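Numbering (the working numbering), first residue to last: 352 to 535.
Glycine included, each C-beta is placed from N, C-alpha and C at the ideal position.
This one's a predicted model, so the numbers in the text were calculated from it and none came from an experiment.
To start, the structure under review is shown below, and the notes come after it.
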């Protein structure tokens with residue numbers, strides 16, 4: 352009997368390996384499930400928006416203090432906890448109402464900052480009217496304090512913690528009572 356030639360790899364040839372159709376289908380299913388469940392968590396912008404807002408609010412308070420020192424004037428900071436808006440202005444000292452807006456470093460007026468969606472702003476303790484001001488020496492005062500006329504003015508401002516929550520994280524910084532130093 353004569354042997355028929357064998358199809359496929361011969362003895363001595365390298366073995367051929369391949370995926371079966373079942374293995375390919377399972378791999379495609381696993382990739383599909385991962386793309387639906389895991390990937391959206393990597394590409395959300397709320398983490399970045401919350402961190403950016405945190406940094407900007409902190410630097411806005413520092414900017415308000417430095418502007419007050421540079422201009423030798425009072426700069427008011429309004430921190431609206433219901434909307435998350437932060438705004439700066441110069442005040443009419445007689446009425447303690449905003450008389451003109453503080454320009455941004457770029458020169459744009461007014462200096463306002465809006466919170467991104469799903470980002471909240473909280474203050475502890477909450478100053479009167481959610482407002483504080485920095486005097487010409489950079490010291491923080493509560494909005495109901497009288498505008499300081501000399502270096503001996505007393506502030507009722509307490510060290511304030513500003514908490515920003517968003518993107519699944521909570522970050523906080525403080526404004527120190529005596530110096531107005533803003534620190535993480």
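Problem set entry | Element boundaries [alpha helix (DSSP H), containing residue 517] | Taking the first residue of the chain shown as 1, we reach residue 517 at position 166. That residue, residue 517, is in no alpha helix (DSSP H); its beta strand (DSSP E) goes 511-517.
For this session: Using only alpha-carbon positions, find the residue among 459, 515, 472, 488 that is nearest to residue 426.
Result: What you label residue 426 is simply residue 75 of the chain shown in a count that begins at 1. Nearest option by C-alpha distance: 488.
Exercise. Which one or two residues does DSSP pair with residue 412 in a beta bridge?
Worked result: What you label residue 412 is simply residue 61 of the chain shown in a count that begins at 1. Paired residue(s): none; residue 412 is not in a bridge.
Problem set entry | Euclidean distance between Cα positions of residue 459 and residue 452 | The residue labelled residue 459 in the question sits at position 108 within the chain shown. The residue labelled residue 452 in the question sits at position 101 within the chain shown. Those two C-alpha atoms are separated by around 10 angstroms.
For this session: For residue 386, name the three-state secondary structure that DSSP assigns.
Result: For the purposes of this step, residue 386 is identified with residue 35 of the chain shown, where counting begins at 1. Helix.
Exercise. Relative to the C-alpha of residue 521, which residue among 469, 477, 481 is closest?
Worked result: Looking up residue 521 in the chain shown gives position 170. Per the Cα distances, 469.
Exercise. What residues in its chain sit with their C-beta under 8 angstroms from that of residue 417, if we drop five residues either side in the sequence?
Worked result: On the chain shown, residue 417 is found 66 positions in, with the first residue counted as 1. Around residue 417: 489.
Exercise. Mind checking whether residue 534 and residue 508 have CB atoms under 7 angstroms apart?
Worked result: Here residue 534 is taken as the residue at index 183 of the chain shown, counted from 1. Here residue 508 is taken as the residue at index 157 of the chain shown, counted from 1. The answer is no: Cβ separation not under 7 angstroms.
For this session: Return no unless some Cβ of chain C is closer than 7 angstroms to the Cβ of residue 432.
Result: In the structure shown, chain C cannot be found, because there is only a single protein chain.
Exercise. Shortest alpha-carbon distance to residue 483 belongs to which of 511, 424, 525, 493?
Worked result: Looking up residue 483 in the chain shown gives position 132. Ranking 511, 424, 525, 493 by Cα distance to residue 483 puts 493 first.
Exercise. According to DSSP, which residues form a beta bridge with residue 427?
Worked result: Sequence index remark: in the chain shown, residue 427 carries index 76 (1-based). Paired residue(s): 440, 484.
Problem set entry | Cβ pair residue 491, residue 526 closer than 7 angstroms | By 1-based counting over the chain shown, the position of residue 491 is 140. By 1-based counting over the chain shown, the position of residue 526 is 175. Taking 7 angstroms as the Cβ cut-off, residue 491 and residue 526 qualify as a contacting pair.
Problem set entry | Buried or exposed by the 16-neighbour rule on C-beta atoms within 10 Å, applied to residue 430 | As a first step, residue 430 must be located in the chain shown, where it is residue number 79. With 16 or more Cβ atoms within 10 Å of its Cβ, residue 430 is classed as buried.
Exercise. Can you tell which of 442, 409, 436 has the C-alpha that lies nearest to the C-alpha of residue 422?
Worked result: Sequence index remark: in the chain shown, residue 422 carries index 71 (1-based). Ranking 442, 409, 436 by Cα distance to residue 422 puts 442 first.
Exercise. Below 7 angstroms between beta carbons: does that hold for residue 466 and residue 404?
Worked result: For the purposes of this step, residue 466 is taken as the residue at position 115 of the chain shown. For the purposes of this step, residue 404 is taken as the residue at position 53 of the chain shown. Yes, the pair counts as a contact, with Cβ atoms nearer than the cut-off.
Exercise. If you draw a straight line from the C-alpha of residue 386 to the C-alpha of residue 406, how long is it?
Worked result: The residue labelled residue 386 in the question sits at position 35 within the chain shown. The residue labelled residue 406 in the question sits at position 55 within the chain shown. In this structure, the alpha-carbon of residue 386 lies about 32 angstroms from that of residue 406.
Exercise. Going by C-alpha distance, which of 419, 410, 511, 402 is nearest residue 498?
Worked result: Translated into positions along the chain shown, residue 498 becomes position 147. Nearest C-alpha to residue 498: 419.
Exercise. In three-state terms, what does DSSP make of residue 399?
Worked result: Residue mapping note: residue 399 aligns to position 48 of the chain shown, counting from 1. Residue 399 falls in the helix class under three-state DSSP.
Exercise. Which residue or residues does DSSP assign as beta-bridge partners of residue 522?
Worked result: Numbered from its first residue, the chain shown carries residue 522 at position 171. Bridge partners of residue 522: 515.
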